[in-house]
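Residue numbers (the working numbering), protein chains in the order written: chain B, 80 to 354; chain L, 24 to 195. No residue lacks a Cβ here, since even glycine has one placed at the ideal position from N, Cα and C. Computed from a prediction, not measured in an experiment: that's the story for all the values here.
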Amino acid sequence: MQQTTGQALEVRLSAYIDGELGDAERAELDALLARDEDAKVMLDKLKAGSAFGNKAFEDFLHDPVPLALVRQIKQGSGINPRSERVATANLPARTVRVWPRALAAATTLLLLGGAAGYLAGSAHYVAEPESTASARPWIDEIADYHRIYSRQKEHLVEAPASDGPKIETWLASSVGVGFKTPDLASKGLTFEGARLLVVDGKPVGQLIYRDREGDIYAICFLKGGDTPQTDQFREDIRDNLGLVSWQKGDASLVLVGPSADAGLRKLAEAVAASI
Amino acid sequence: MRPAAETKDFRRDLVSLLPKLRRFALTLTRNANDADDLVQEACERAIARSHLWNGEGRLESWVYAMTRNLWVDEVRKRKVRAGGGAVDIFDQSELRVEAVAEKAVYANQLQRMILSMPEGLASVFLLINVEGHSYRETADILGIPIGTVMSRLSTARLRLAAMLSENTERRA
């Protein structure tokens, strides 16, 4: 706990907001806020600044991270990180500091409401235009799915690998894309089974593998998709996930795995050759 | 030697940390190119010293402190090169405002506002208000006394409140 007695009121109230004060000093400030309008106004200002700053800092996480830097961390090769950038779409959950007491809750709500009102109203003025959900690349949704399913211990897949050829029949008829389940054992990956997902109203087949360290990899495919018609492999990073996407005929495919796996692209090439 | 799986985990954790690390670096450098260079250098150092990371506490605190130290060294070198003497920017009694050169990159007005805040304020605000570090942790990461952390935090909050108010009025 901090001792702020004798310091400027804004410093004391700021520490009060953060729960960094001892009980005695907090009680002292509680009493001050109950009787002093100027102190309440100051507290409101500090909280308004907090809410406003939080929004602004959250926007920083939308900035592109240099892809070359990601590669360098993964592979340890010397690349100029400024040369290439990739957007991060899925943000890590922001740590929220919980104001320790319910004191002045009404004031806080009023204040945050004002700040939120400004931020909402200023969206066209200060913020970048936001894409609509329908414009969201399909691989972003795949990354979201992967985050959720890869944590499932008991229900990782919908159809287990033991279903064998039935998986191919089921997914091919559901998705409209013929395929052969790649055998990636030589790459250290064990086929666990499959899932059927829905992205932007379209069925997506998902083949799930696990490596020796327990990391989950998935091959996802759908008919059509928004991947540009090209033979090139495209690499994206979504926080801790790496995605390599490509096109095969009228199907879009993406391999998802840990972004720290430096061999993800080679693995995607192996998948593309055998699927 | 660190087992391969642990090294892989460390690199993976570092990659996951990149958006936040870059944001922290921007609060120090307030310039995208410098921030990218700083993040790169910090990551190289973190990987080289990953055997020293004991896995306790928050990885970002460890990497942030490394990043901050690297930046202080860089600023010191630049000042010496420029003939301004070796002055620790975090030890300056007077905060100063520097122009933000990256307007093209940071077109977002909110971001530009943040980057135009006087030196030292944005980092403290980010660590405490946004990322939930304690005052003690923040002081350790930034290498400044807790009293300085407290005064910078309250100053940052009031400046942000003033920015909010100015923009609300401008829009009215």
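Per DSSP, what kind of secondary structure is B:Q311 in: helix, strand or coil? Counting from one through the first sequence, the residue named residue 311 of chain B turns up at place 232. Here B:Q311 sits in coil by DSSP.
Exposed or buried, which one is B:T359 when buried takes at least 16 other CB atoms within 10 Å? This structure cannot settle anything about residue 359 of chain B, because the visible part of chain B is limited to 80 through 354.
Which partner residues does B:T269 have in the DSSP bridge list? Counting from one through the first sequence, the residue named residue 269 of chain B turns up at place 190. Bridge partners of B:T269: B:R289.
Output the distance between the C-alpha atoms of B:L140 and B:A106, rounded to the nearest integer angstrom. On the first sequence, position 61 is the one that residue 140 of chain B refers to. On the first sequence, position 27 is the one that residue 106 of chain B refers to. Going from the Cα of B:L140 to the Cα of B:A106 covers about 37 Å.
Where does B:F131 fall in DSSP's three states? Walking along the first sequence from the start, residue 131 of chain B turns up at place 52. B:F131 falls in the helix class under three-state DSSP.
Below 6 Å CB to CB, which residues in the same chain sit around L:I151 once its five sequence neighbours on both sides are set aside? Here residue 151 of chain L corresponds to residue number 128 of the second sequence, with the count starting at 1. If we look at L:I151 and ignore the five residues flanking it on each side, its Cβ neighbours are T161 and L176.
For the beta strand (DSSP E) that contains B:W325, what are its first and last residues? Taking the first residue of the first sequence as position 1, residue 325 of chain B is located at position 246. It spans L320 to K327 - the beta strand (DSSP E) in which B:W325 sits, taken as one unbroken run.
Limits of the alpha helix (DSSP H) - the one that L:F148 falls within: Here residue 148 of chain L refers to the residue found at position 125 of the second sequence. Unbroken alpha helix (DSSP H) run through L:F148: L144 to F148.
In terms of alpha-carbon separation, which member of B:L286, B:Q311, B:F312 and B:K281 lies closest to B:G304? Numbered from 1 along the first sequence, position 225 holds the residue referred to as residue 304 of chain B. Measuring from the Cα of B:G304, the nearest candidate turns out to be B:K281.
At a Cβ cut of 7 Å, what residues of the segment 138-172 of chain L count as close to chain B, listed as they run along the chain? F148, L149, I151, N152, V153, E154, G155, Y158 and I169
Among B:D294, B:D279 and B:S265, which residue has its Cα nearest to the Cα of B:S353? For the purposes of this step, residue 353 of chain B is identified with residue 274 of the first sequence, where counting begins at 1. Of B:D294, B:D279 and B:S265, the residue nearest in Cα terms is B:S265.
Taking DSSP as the reference, what is the three-state secondary structure of B:G255? Within the first sequence, the letter at position 176 stands for residue 255 of chain B. DSSP places B:G255 in coil when its eight states are reduced to three.
Spatial neighbours of L:S84 within its chain, please: C-beta separation below 8 Å, excluding the five flanking residues on both sides. Here residue 84 of chain L corresponds to residue number 61 of the second sequence, with the count starting at 1. Around L:S84: H156, E160, D163 and I164.
CB B:A351 to CB B:W325, shorter than 9 Å? Numbered from its first residue, the first sequence carries residue 351 of chain B at position 272. Numbered from its first residue, the first sequence carries residue 325 of chain B at position 246. Yes, they are a contact pair.
Cα-Cα separation between B:A339 and L:V38, rounded to whole angstroms: In the first sequence, the residue the question calls residue 339 of chain B occupies position 260. In the second sequence, the residue the question calls residue 38 of chain L occupies position 15. Distance between the alpha carbons of B:A339 and L:V38: 7 Å.
Answer yes or no: does any C-beta atom of chain L fall closer than 9 Å to that of B:T269? By one-based count along the first sequence, residue 269 of chain B stands at place 190. For B:T269, the answer is no, since every Cβ of chain L falls outside 9 Å of its Cβ.
Could you name the residues that DSSP lists as bridge partners for B:F300? Here residue 300 of chain B corresponds to residue number 221 of the first sequence, with the count starting at 1. DSSP output for B:F300 lists B:G284 and B:L332 as bridge partner(s).
Taking only the alpha-carbon atoms, compute the straight-line gap between B:P261 and L:T50 and give it to the nearest angstrom. Sequence index remark: in the first sequence, residue 261 of chain B carries index 182 (1-based). Sequence index remark: in the second sequence, residue 50 of chain L carries index 27 (1-based). Rounded to whole angstroms, B:P261 to L:T50 spans 46 Å at the Cα level.
From L:T178 to L:L144, what does the alpha carbon distance come to, in whole angstroms? To locate residue 178 of chain L, count along the second sequence from 1; it is residue 155. To locate residue 144 of chain L, count along the second sequence from 1; it is residue 121. Going from the Cα of L:T178 to the Cα of L:L144 covers about 7 Å.
Short check: CB of L:S174 to CB of B:V90, under 9 Å? Reading the second sequence from its first residue, position 151 is the one you call residue 174 of chain L. Reading the first sequence from its first residue, position 11 is the one you call residue 90 of chain B. Contact: yes.
In whole angstroms, what separates the C-alpha of B:H203 from that of L:D57? By 1-based counting over the first sequence, the position of residue 203 of chain B is 124. By 1-based counting over the second sequence, the position of residue 57 of chain L is 34. Below a pLDDT of 50, predicted positions are generally treated as unreliable, and B:H203, at 37, falls in that range; no measurement from the model is reported.
For the alpha helix (DSSP H) holding B:E89, just list the boundary residues, first then last. Here residue 89 of chain B is taken as the residue at index 10 of the first sequence, counted from 1. It spans L88 to I96 - the alpha helix (DSSP H) in which B:E89 sits, taken as one unbroken run.
Which two residues bound the contiguous alpha helix (DSSP H) that contains L:T161? In the second sequence, the residue the question calls residue 161 of chain L occupies position 138. L:T161 -> alpha helix (DSSP H) spans Y158 to L165.
Please list the partners that L:M136 has in chain B, where partner means a Cβ-to-Cβ separation under 8 Å. Working through the second sequence from its first residue, we reach residue 136 of chain L at position 113. Those are A135, listed as they occur along chain B.
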